[in-house]
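For reference, the structure discussed in these notes is given below.
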Ligand SMILES: Cc1cc2nc3c(=O)[nH]c(=O)nc-3n(C[C@H](O)[C@H](O)[C@H](O)COP(=O)(O)OP(=O)(O)OC[C@H]3O[C@@H](n4cnc5c(N)ncnc54)[C@H](O)[C@@H]3O)c2cc1C
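In my numbering, the protein residues as written are 20 to 479.
If you want it as structure tokens, here you go:
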């Protein structure tokens, strides 16, 4: 075993949308920043073909900007993203080239001076008093002890916070049911015009799969045909026929495909793995295996039954099963469903979330898809641990309730929180204070100068 130790101002663990934004923002403020990830690349779920949802609210007004928009604009400049397009179903969609994300992530880290360390997983956190003193990373018989003033947990799962003994909640209801994961894949050779012609003639195929899905008119063939920047959620009649015949390859009532940036390319978000806890390696192994096997059957079903997909094939399978939900860490503050539904924007908000409450269930209830009349604010305290004062979180694992996570989990929101966490961490290090002592008014002012949107009223 090789052992190393190193010291940083700020150590960010997890290099997905939240971790990228956190580390790059903090490094741009001149801090010595480590960004560590267990993968051999950066970007987390932004590299599996998913569109960025949530830049616009229900009414088409932009509620997220700043780092997230900068990232998209830089992809767009090289033809690797389609911009922000209003969508009657998802408020907005921004489809990206998943591979280009990995390259841009490295470029931006290098420009900002972030020290990147890959192939390492956080396996321990040493706590003295209440403070996290070190986090231990491990990979390939290398053991690295990282000392830092501040740690930011961007693992999605709250792994570092969990290792440091912080409290958390999981799932919904007595059974703590978590959303089912999905193994994504990329397919090529799709004739999307044939699919769109078919749904133009069979509009019933676009009917939502369950009554819990709120939808608006206009999510139809004409919308898809007008612009290749779309996410297709449909074929519900076909799927129920296949179910009735006992030949539906997945436990869901529709197909979700994301139109790729290249002709004939689509990302497939249609597998569903039931009862998989994303923090349990045995469940993860079962999920990966079942997901791959589901993909095989699914693509055969596409070829046989879905117009335009007759000659499609899998060109790649996502390197990791896509986890929608695990731990929600306890923070100084927590957003409740009630607050989200009333569009509460507290004075301590560091970003807005305008995306739908989008909860996938593990069973025949399908999906809860509840639109928000207006965006709500994510208070700074949702990112700060009350138990470990030099630990923050950003991304999927922040302190929100079991339904609000259905909105805050989307990637632009994770990036917006990351930008706030990175800036707050840098301020805390400069001023030699703990994250909980950062002056939120000054933090908000600084975020605004970086383009962040903190209130819909001020924006207009
Ligand atoms: C199937 C699926 C569909 C989705 N659809 C959409 C969509 O259409 N649009 C949208 O905007 N959002 C969507 N989401 C939600 C979104 O992708 C995630 O919630 C978001 O990526 C979370 O960002 P994050 O940075 O918190 O975590 P992640 O993207 O999960 O990144 C976490 C990073 O931390 C690393 N990591 C984890 N644990 C450790 C550890 N112990 N040590 C070191 N590194 C670690 C991982 O390798 C990863 O790089 C979807 C999610 C899934 C799974």
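Beta carbons are placed, not taken as given, at the ideal position from N, Cα and C, and that holds for glycine.
Do residue 313 and residue 269 come within 7 Å of each other at the CB atom, strictly closer than that value?
The residue given as residue 269 occupies position 250 in the chain shown. The residue given as residue 313 occupies position 294 in the chain shown. Contact: yes.
How do the stretch 42-52 and the stretch 182-194 stand: do at least 3 beta-carbon pairs fall below 8 Å, yes or no?
Verdict: no, contact absent.
Which residues bound the alpha helix (DSSP H) around residue 453?
For the purposes of this step, residue 453 is taken as residue 434 along the chain shown, with counting starting at 1. Unbroken run through residue 453: none, as it is neither H nor E.
Shortest alpha-carbon distance to residue 241 belongs to which of 259, 293, 217 and 258?
Indexing the chain shown from 1 puts residue 241 at position 222. That would be 217, whose Cα lies nearest to the Cα of residue 241.
Evaluate residue 79 with the Cβ neighbour count: other Cβ atoms within 10 Å of its Cβ, from every protein chain shown; 16 or more gives buried, anything less gives exposed.
Translated into the one-based positions of the chain shown, residue 79 becomes position 60. Its Cβ having fewer than 16 others within 10 Å, residue 79 is exposed.
Would the beta-carbon of residue 197 be found less than 6 Å away from any heavy atom of ligand 1?
Working through the chain shown from its first residue, we reach residue 197 at position 178. Flag unset: Cβ of residue 197 not near ligand 1.
Is it the case that the CB of residue 91 approaches a heavy atom of ligand 1 more closely than 6 Å?
Within the chain shown, numbered from 1, the residue matching residue 91 stands at position 72. Checking every heavy atom of ligand 1 against the Cβ of residue 91, none is found closer than 6 Å.
For a quick check, are the C-beta atoms of residue 233 and residue 388 less than 7 Å apart?
Reading the chain shown from its first residue, position 214 is the one you call residue 233. Reading the chain shown from its first residue, position 369 is the one you call residue 388. For residue 233 and residue 388, yes; Cβs fall inside 7 Å.
Report buried or exposed for residue 366, applying the criterion of at least 16 other Cβ atoms within 10 angstroms of its Cβ.
Reading the chain shown from its first residue, position 347 is the one you call residue 366. So residue 366 counts as exposed.
Can you tell me whether DSSP reads residue 475 as helix, strand or coil?
If you number the chain shown from 1, residue 475 lands on position 456. Helix.
With 16 as the cutoff for other CB atoms within 10 Å, does residue 301 come out buried or exposed?
Taking the first residue of the chain shown as 1, we reach residue 301 at position 282. With fewer than 16 Cβ atoms within 10 Å of its Cβ, residue 301 is classed as exposed.
Is it buried or exposed, residue 96, if we count other Cβ atoms within 10 angstroms and call 16 or more buried?
Position 77 of the chain shown, counted from the first residue, corresponds to residue 96. Answer is exposed; the Cβ neighbour count stays below 16.
Measuring CA to CA, which of 171, 73 and 118 is closest to residue 280?
For the purposes of this step, residue 280 is identified with residue 261 of the chain shown, where counting begins at 1. The shortest C-alpha separation from residue 280 is found at 118.
Are there 16 or more other CB atoms within 10 angstroms of the CB of residue 266, so buried, or fewer, so exposed?
The residue you call residue 266 lines up with position 247 of the chain shown. Exposed is the call here.
On the CB-based measure, 16 or more other CB atoms within 10 Å of its CB, does residue 422 come out buried or exposed?
By one-based count along the chain shown, residue 422 stands at place 403. Buried.
Counting along the chain, where does the alpha helix (DSSP H) carrying residue 88 start and finish?
Position 69 of the chain shown holds residue 88. First-last of the alpha helix (DSSP H) with residue 88: 85-96.
Is the Cβ-Cβ distance between residue 141 and residue 171 less than 7 Å?
As a position in the chain shown, residue 141 is number 122, starting the count at 1. As a position in the chain shown, residue 171 is number 152, starting the count at 1. Contact: no.
Taking 6 Å as the cut-off, is the beta-carbon of residue 32 closer than that to any non-hydrogen atom of ligand 1?
Locating residue 32 in the chain shown gives position 13, where the first residue counts as 1. Yes, ligand 1 has a heavy atom inside 6 Å of this Cβ.
Is the beta carbon of residue 435 less than 7 Å from the beta carbon of residue 131?
Position 416 of the chain shown, counted from the first residue, corresponds to residue 435. Position 112 of the chain shown, counted from the first residue, corresponds to residue 131. Their beta carbons are not under 7 Å apart, which means residue 435 does not touch residue 131 by this criterion.
Going by C-alpha distance, which of 237, 296 and 476 is nearest residue 344?
Translated into the one-based positions of the chain shown, residue 344 becomes position 325. Comparing Cα-Cα distances from residue 344 to each of 237, 296 and 476, the minimum goes to 296.
Roughly how many angstroms separate the alpha carbons of residue 471 and residue 455, rounded to a whole number?
As a first step, residue 471 must be located in the chain shown, where it is residue number 452. As a first step, residue 455 must be located in the chain shown, where it is residue number 436. Approximately 21 Å between the Cα atoms of the pair.
Verify whether the separation of the beta carbon atoms of residue 156 and residue 135 is less than 7 Å.
One-based indexing of the chain shown puts residue 156 at position 137. One-based indexing of the chain shown puts residue 135 at position 116. Cβ distance not < 7 Å, so residue 156 and residue 135 don't count as in contact.
On the CB-based measure, 16 or more other CB atoms within 10 Å of its CB, does residue 175 come out buried or exposed?
The residue you call residue 175 lines up with position 156 of the chain shown. Buried, since its Cβ has 16 or more Cβ neighbours within 10 Å.
Output the boundary residues of the beta strand (DSSP E) element that contains residue 406.
The residue labelled residue 406 in the question sits at position 387 within the chain shown. Premise fails: residue 406 is in no beta strand (DSSP E) and is neither H nor E.
Assign residue 78 to one of three DSSP states: helix, strand, or coil.
Locating residue 78 in the chain shown gives position 59, counting from the first residue. Coil, per DSSP.
Beta strand (DSSP E) containing residue 166: first to last residue?
On the chain shown, residue 166 is found 147 positions in, with the first residue counted as 1. Start and end: 161-172.
Could you tell me whether the stretch 193-209 touches the stretch 331-345, where touching means 3 or more Cβ pairs closer than 8 Å?
Verdict: yes, contact present.
Look up residue 389 in the DSSP assignment and say whether it is helix, strand or coil.
Numbered from 1 along the chain shown, position 370 holds the residue referred to as residue 389. Looking at residue 389 - three-state DSSP - the assignment turns out to be strand.
Taking Cβ positions, are residue 65 and residue 112 nearer each other than 7 Å?
The count along the chain shown starts at 1 and reaches residue 65 at position 46. The count along the chain shown starts at 1 and reaches residue 112 at position 93. No. Outside cutoff.
Assuming contact is defined by CB atoms lying nearer than 7 Å, are residue 439 and residue 370 in contact in what I supplied?
Walking along the chain shown from the start, residue 439 turns up at place 420. Walking along the chain shown from the start, residue 370 turns up at place 351. In contact: residue 439 and residue 370 (Cβ atoms closer than 7 Å).
Which term fits residue 416, buried or exposed, when burial requires 16 or more other beta carbons within 10 angstroms of its beta carbon?
Locating residue 416 in the chain shown gives position 397, counting from the first residue. Buried: at least 16 other Cβ atoms inside 10 Å.
For the beta strand (DSSP E) containing residue 187, list its first residue and its last residue.
One-based indexing of the chain shown puts residue 187 at position 168. Unbroken beta strand (DSSP E) run through residue 187: 187-189.
For residue 328 versus residue 209, is the C-beta spacing smaller than 7 Å?
Counting from 1 along the chain shown, the entry for residue 328 is found at position 309. Counting from 1 along the chain shown, the entry for residue 209 is found at position 190. Yes, Cβ-Cβ distance for residue 328 and residue 209 is below 7 Å.
How long is the line joining the alpha carbons of residue 430 and residue 123, rounded to whole angstroms?
Counting from 1 along the chain shown, the entry for residue 430 is found at position 411. Counting from 1 along the chain shown, the entry for residue 123 is found at position 104. Computed Cα separation, rounded: 16 Å.
Please report the distance separating the alpha-carbon of residue 158 from that of residue 55.
Here residue 158 is taken as the residue at index 139 of the chain shown, counted from 1. Here residue 55 is taken as the residue at index 36 of the chain shown, counted from 1. Looking at the two C-alpha atoms, the distance is approximately 11 Å.
Using only CA atoms, which one of 461, 441, 457 and 469 lies nearest to residue 37?
For the purposes of this step, residue 37 is identified with residue 18 of the chain shown, where counting begins at 1. Ranking the options by Cα distance to residue 37, first place goes to 441.
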